[in-house]
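First comes the structure, then the notes that go with it.
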Ligand SMILES: [Fe+2]
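Numbering (our numbering), first residue to last: 1362 to 1594.
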């Protein structure tokens, strides 16, 4: 375990208030942040154990199935979790959530006029292996409107939450898909620093594509440092 964590590299992350992303104006801090000195409690505090994970937690094509398979294009999303020095982060919990293939979440605040899928929950989790690797099976999420501005549509994306070695290293971000024309119009994606944005785009991989089954995407995540994956504001 590292003795200390490097401070967040804010040049890798979006500003806490980005006016084009309207809700940040309401919820962003209006005073400067107060840095908290790291103490032993960040290193020794409880972290989420993985003893409660079940066999299907990482497989969104099966973990919400009631009477069949979810509709949509099946995909594999895999990659490695790395720390600020490029070292693998093993045994860390990753949680994901996403819209179904039609662009609809199972949540009462999502009233988008697109169908729910009775066989798709849209949430999953897994723990990285000894080399920091993870793997999810799911369907490609659809784009959806979000009323941030006139005719606003979110690009296809999957939300990620990573705990890292301790709560002090927690990262919440979004994974996008290569070639999506909505990326250049999306204030959330565009809110991240230009040099860091592409770290949120997964790479299509024919090597990770499973024949006759699912397209493969690789998404590596860096928790801290100059190469950090941008944090969601
Ligand atoms: Fe979303």
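Glycine included, every Cβ here is placed at the ideal spot set by N, Cα and C.
With a 10 Å radius around the Cβ and a threshold of 16 neighbouring Cβ atoms, residue 1447 comes out exposed. Rounded to the nearest whole angstrom, the C-alpha separation of residue 1463 and residue 1400 is 45 angstroms.
Of 1371, 1560, 1398 and 1460, the smallest CA-CA separation from residue 1477 is found for 1460.
Residue 1535 is bridged by DSSP to 1520.
Annotation: residue 1438 is outside any alpha helix (DSSP H); the continuous beta strand (DSSP E) that includes it extends over 1435-1443. In the DSSP assignment, residue 1571 falls within the unbroken beta strand (DSSP E) covering 1564-1571.
Excluding the 5 residues flanking it on each side, residue 1579 has same chain C-beta neighbours closer than 7 angstroms at 1439, 1440, 1563, 1564, 1566 and 1569, in chain order. Proximity of the segment 1524-1541 to the segment 1488-1496 falls short of the contact definition, fewer than three beta-carbon pairs being nearer than 8 angstroms.
Scanning 1367, 1398 and 1376 for the CA closest to the CA of residue 1388 turns up 1376.
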